[in-house]
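Visitor: Residue numbers (our numbering): 291 to 427.
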């Protein structure tokens, strides 16, 4: 079964890649130029010369948007951490796709369920109710 081995090898490669992901953060990093609002300032001219750059990190905390202003050094660190978070998402998505393929194949190797419930219905009897599977088998 070379396909099963390929899936296992690919999955193990992704596990190794996952172990290489460093610190990560979620959110968006912005580099903004803004006017100050003072009359006579160059930012009010036409064309305006805006102040900045200002770096902002925006994310959701308990369903609310939180924005933090950052220094250039902080923004550079956060950019790397946000990139790590995106890399983590890509790796996990690939692992999920591979896992789905592998588990589908494993499930197909199992014998199919018997159809006793339909025979009971044909005789006018109700089949027993399904039971919830335990959390851990």
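Idealized CB from N, CA, C, for every residue including glycine.
#1: At the level of alpha carbons, what is the spacing between residue 307 and residue 389?
#2: Can you tell me whether residue 317 is buried or exposed, with buried defined as 16 or more other CB within 10 angstroms of its CB?
#3: Tell me where the beta strand (DSSP E) around residue 398 begins and ends.
#4: So if DSSP puts residue 350 in a beta bridge, which residue, or which two residues, is it bridged to?
#5: Got a sec: is the Cβ-Cβ distance from residue 396 to anything in chain D below 8 Å?
#6: Could you check what DSSP says for residue 295 in three-state terms: helix, strand or coil?
#7: Looking at residue 378: is its Cβ nearer than 8 Å to the Cβ of residue 319?
#8: Can you have a look at residue 313 and say buried or exposed, based on whether 16 or more other CB atoms are within 10 angstroms of its CB?
#9: Name the DSSP bridge partner or partners of residue 318?
#10: Using the C-alpha atoms, what's the distance from residue 366 back to residue 326?
#11: Quick one: what's got a C-beta closer than 6 Å to residue 291's C-beta in the same chain, skipping five residues either side?
Guide: Result, derived from the coordinates:
#1: As a working note, residue 307 is residue 17 in the chain shown. As a working note, residue 389 is residue 99 in the chain shown. Roughly 16 Å between the two C-alpha positions.
#2: Residue mapping note: residue 317 aligns to position 27 of the chain shown, counting from 1. Buried.
#3: Indexing the chain shown from 1 puts residue 398 at position 108. Not the beta strand (DSSP E): residue 398 falls in the alpha helix (DSSP H), residues 362-399.
#4: Counted from its first residue, the chain shown places residue 350 at position 60. Answer is 355.
#5: Here there is only one protein chain, and chain D is not present.
#6: Taking the chain shown and counting its residues from 1, the one referred to as residue 295 is at position 5. Here residue 295 sits in helix by DSSP.
#7: Along the chain shown, read from residue 1 onward, the residue named residue 378 stands at position 88. Along the chain shown, read from residue 1 onward, the residue named residue 319 stands at position 29. Cβ distance not < 8 Å, so residue 378 and residue 319 don't count as in contact.
#8: Locating residue 313 in the chain shown gives position 23, where the first residue counts as 1. Its Cβ having fewer than 16 others within 10 Å, residue 313 is exposed.
#9: Sequence index remark: in the chain shown, residue 318 carries index 28 (1-based). According to DSSP, which records beta bridges pairwise, residue 318 is partnered with 348.
#10: Here residue 326 corresponds to residue number 36 of the chain shown, with the count starting at 1. Here residue 366 corresponds to residue number 76 of the chain shown, with the count starting at 1. Straight-line Cα distance between these residues: approximately 25 Å.
#11: Counting from 1 along the chain shown, the entry for residue 291 is found at position 1. With a pLDDT of 43 at residue 291, under the threshold of 50, the modelled position of that residue is not reliable, and no figure is offered here.
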